[in-house]
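Here the protein sequences come in this chain order: R and E. Taking the numbering used here, the leading residue of the first sequence gets 1, the next gets one more, and so forth. Taking the numbering used here, the leading residue of the second sequence gets 1001, the next gets one more, and so forth. Note that CB positions come from ideal geometry on N, CA and C, so glycine has one too. Read through the structure below, which is laid out as structure tokens, and then see the notes.
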Amino acid sequence: MMTAKFFLIIGSLLFLTGSLLAEDEVKKESKESKEAKEGSKDLVDFSTIKDIIKKDGLEDELKKKDEEKRKFLDQKKLKEMKRFNVPNQDTFWGFFSEYWLVKNATVLKWDIHKPDFELEKAFTSFLESQGVYEKKIKILLLDSAEIAHAALPGNQNEFIFILSLPFIKTLDLSKVEISILLFEDYIRIKKEFFKNYVLSKELESFLGSNFSEKGLDKKLIENHLKKYSQLLFEKGFSFQDQFETTKEMDVLLKSDLKIWNTYLTLLEKIDELSKKNELFKKYSQIYPSPELQLSWLRPKETIK
Amino acid sequence: MKYWFVFFGLFHCLISQAEDTAETSKMKKTIIGVKYFSQMMGNVHQNPSRYSQVLTTVSCNHPVKIMKEISKDGKEFVLYGEDKWNFVTVGPYEGYMMTDYLSDKKNTCFEEEFPKFFDGLNLDINDLYYWARLYDQYVQGKSKVRQ
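Structural data, given as structure tokens:
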């Protein structure tokens, strides 16, 4: 009886262990099949779901995003390139004339304390009397005889004038005479004698260009600065330039004989000064020459 | 005795001058707006004069606070020195700038339009100082519009 009980217990224990092992095996198998299933998921062939993506419009969205990115990068590149732009002629002259004044501040001695002559008021009303409207003028007085007077090219409808205090004091010029002198400079600038002298072919092609790939040609800038100085300190204007300027002045001022006579008197004063005063000996070299100008202006005497 | 009168007169003058200065500094200051500097470089002056001491230098498009001063008797001061100057605040400085060089809107500035070209000129501190002085020294005008 005891043996039968023993065998029964042993039998049931073995059965229990067997069933547990079998259950474990089943679990293992199901796990393996699950893993296999998951593995097969990773290897999904996308070509099969291409149609679905197309239907969803995801491809178009991707193209749109790529296009946006390309545009953004192009704009960024363009913006960066624009930073290397060289000013065109409309904005270059005013800037460069001031740059030349800054670089020659110590020679020209314009940073000085001076009385307010109200020259700007006198000159603007003179311009208006000559029918010159809406022109912006900047006048800079110099405490130097290096340059007696000159106009520098400015931006559109803007003119920069430099005028020597020793020159106007030595000649004791009135506001009208100073205005005529500045008007003569204005005519020279209008006729572009200054620009024609300093503007080289290289500079002309350089203006308005972009130097992002080449780098800035500093030598060209320096040469341009030198040309400004050369014209105003040494070489001056040609006889032809002077002849054209004087003839234009003659035509414009003759409508008011009082002004025309003042111009004549002014040239006589300057002629005398340039011949007698050592300080202004260079004048006839820069503006050749007051004596010739007078001869061009005075009516020719006819022999009877 | 005569010297005493002279001394008394001078003393009175000094006292009244000191009172005037104190009165000016007592004026109430209020900000009336913001303007932008419109030239390449410019100076803020201690007094409304182109030859007055320079407090600081600003470049194009620098914003400046325009101030109004109100005296004890209610008088308002916005423009100074023949109406050519504004009383302004720039950073920690209070000074005067030429009205013609201040604009209500932001300007098209050369150094912002052509930054690399401007940088390429390698302007040093001396050049920038003179550039600001140039705008102090210019006398400017504009002929009228054709009638």
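Going along chain R in order, which residues have a C-beta closer than 9 Å to the C-beta of residue i?
i	result
Phe1110(E)	Pro87, Thr91, Gly94, Phe95
Val1145(E)	Tyr133, Glu134
Leu1055(E)	Chain R residues near Leu1055(E): none, gap ~17 Å exceeds 9 Å.
Whose Cβ in chain R lies nearer than 8 Å to the Cβ of residue i?
i	result
Trp1131(E)	Glu98, Val102
Asp1100(E)	Within chain R, no residue comes near Asp1100(E); the closest Cβ sits about 11 Å away, beyond 8 Å.
Can you tell me where the alpha helix (DSSP H) holding residue i begins and where it ends?
i	result
Met1098(E)	Where Met1098(E) is concerned, there is no enclosing alpha helix (DSSP H), although the beta strand (DSSP E) it sits in stretches over 1093-1098.
Ala122(R)	119-129
Ile259(R)	257-276
Lys227(R)	218-229
Lys175(R)	175-190
Leu279(R)	Segment: none, Leu279(R) is in no alpha helix (DSSP H) and carries neither H nor E.
Lys201(R)	201-206
Nearest chain R C-beta to residue i closer than 8 Å, yes or no?
i	result
Ser1059(E)	no
Gly1141(E)	yes
Tyr1138(E)	yes
Tyr1051(E)	yes
Leu1121(E)	yes
Asp1127(E)	yes
Phe1114(E)	yes
Met1027(E)	no
Phe1117(E)	yes
Met1067(E)	no
Met1001(E)	Low local confidence applies: a pLDDT of 47 at Met1001(E) is under 50, so the model's placement there is unreliable, and no value is given.
Met1040(E)	yes
Could you check whether the Cβ of residue i sits closer than 8 Å to any Cβ belonging to chain E?
i	result
Ala105(R)	yes
Arg83(R)	yes
His113(R)	yes
Which residues does DSSP list as the beta-bridge partners of residue i?
i	result
Ser1063(E)	It should be pointed out that residue 1063(E) corresponds to Pro in this sequence rather than to Ser. Bridge partners of Pro1063(E): Tyr1036(E).
Val86(R)	Looking at the DSSP assignment, Val86(R) forms no beta bridge with any residue, so it has no partner.
Val1090(E)	Tyr1093(E)
Val1058(E)	Gly1042(E)
Determine the chain E residues that contact residue i at a beta-carbon separation under 9 Å, and present them in chain order.
i	result
Lys218(R)	Gly1120, Leu1121, Asn1122
Below 7 Å on C-beta distance, what does residue i contact in chain E?
i	result
Trp110(R)	Gln1137
Leu140(R)	Gln1137, Tyr1138
Taking Cβ-Cβ distances shorter than 7 Å, what residues in chain R pair up with residue i?
i	result
Leu1134(E)	Glu98, Leu101, Val102
Kindly indicate the opening and closing residues of the beta strand (DSSP E) around residue i.
i	result
Phe161(R)	158-164
Trp296(R)	Unbroken run through Trp296(R) is the alpha helix (DSSP H), 290-297; no beta strand (DSSP E).
Leu140(R)	136-142
Pro1115(E)	Taken as a continuous stretch (DSSP letters only), Pro1115(E) belongs to no beta strand (DSSP E), being part of the alpha helix (DSSP H) at 1115-1120.
Gln240(R)	Careful: Gln240(R) lies outside any beta strand (DSSP E), inside the alpha helix (DSSP H) at 239-253.
Lys1142(E)	1139-1142
Leu152(R)	149-153
Would you say residue i lies against chain C (beta-carbon separation less than 8 Å)?
i	result
Ile189(R)	In the structure shown, chain C does not exist; the protein chains are R and E.
**Message:** Which residues of the stretch 118-138 of chain R have a Cβ closer than 7 Å to any Cβ of chain E? Give them in chain order.
**Reply:** Leu119, Glu120, Lys121, Phe123, Thr124, Leu127, Glu128, Val132, Tyr133, Glu134, Lys135, Lys136, Ile137, Lys138
**Message:** At a CB distance below 8 Å, what residues from the stretch 213-240 of chain R approach chain E? Give them in sequence order.
**Reply:** Leu216, Lys218, Ile221
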